[in-house]
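One structure is given here, and the rest of the page talks about it.
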Amino acid sequence: MDRIITAFTDEVHPAYGQIATVDADGHPHVRTVHWRYVTSRNAIGCVCYSDSEKWRHLQLRQVYEGCYFDQTQQMQFRWEGKVELIDGRSAEDQALLSALWEQLRPEVRASYWAQHLHGAPTQPLGAAVNLNERCPMCVAILTIPDRWDIYDINPTNFRQGNRTICTRAGTQWCAEIVSLFFRRG
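Quick note on this note's numbering: the sequence shown kicks off at 1364 and runs consecutively.
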């Protein structure tokens, strides 16, 4: 599991990957987010705008799948699990959102504020906006995965790649090396 934490805490090579959600009609939606390992919750997560499609989808169905390809380690991580939606209702959640807000690049913070104040992320902000203050529309999506599908790529010989399925049973993880073309029964 150390390789997973390394992938999601590397500030030099940020973990931009995909989140897949399902809408009310059962249609899948995939988009790119900045994944982070949230140490205080031992979870994988990302921030999002509270009026976004992905937030609304997750309010309806609190499950998703995530995917990230770590070019540094030459590994693909896919995971799934039940979602915890962090909207800032508790003091603990407020602290977590503030910590995640501080990790956002200034231009991302400005986009959140511009969307909130002007209805468009590209609108200019006045000098009165403090980008260090968390936008109230900033929320977070966390999960402690129940299942990891880790593909260790061999860039020179595809057939020598490795694929491991890790499943959680309570607090214990079970790992099984499977075929590159493994599919669930």
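From the three backbone atoms N, C-alpha and C, an ideal C-beta is built for every residue, glycine too.
| Item | Value |
| --- | --- |
| Beta-carbon proximity of Arg-1408 to Ile-1449, cut-off 9 Å | Inspection of the sequence shows that residue 1408 is occupied by Gly rather than by Arg. For Gly-1408 and Ile-1449, yes; Cβs fall inside 9 Å. |
| Other residues of its chain near Gln-1457: CB distance less than 8 Å, five sequence neighbours each side excluded | Gly-1451 |
| Alpha carbon of Gly-1389 to alpha carbon of Ala-1491, nearest angstrom | 43 Å |
| Tyr-1514 versus Phe-1440 - alpha carbon distance | 7 Å |
| Reference Phe-1521; option with closest CA among Phe-1544, Ala-1454 and Ile-1540 | Phe-1544 |
| Cα-Cα separation between Trp-1536 and Thr-1530, rounded to whole angstroms | 6 Å |
| Contacts around Glu-1455, its chain only, beta-carbon distance under 8 Å, and the 5 residues preceding and following it disregarded | none |
| Enclosing alpha helix (DSSP H) for Ile-1367 [first to last residue] | 1365–1372 |
| Option nearest Tyr-1400 by Cα separation, candidates Thr-1519, Glu-1374 and Tyr-1475 | Glu-1374 |
| Identified DSSP bridge partners for Glu-1539 | Ile-1528 |
| Nearest candidate by alpha-carbon position, reference Met-1500, set His-1479, Ile-1516, Asn-1517 and Thr-1485 | His-1479 |
| Counted within 10 angstroms of its Cβ, other Cβ atoms place Ile-1540 as buried (16 or more) or exposed | exposed |
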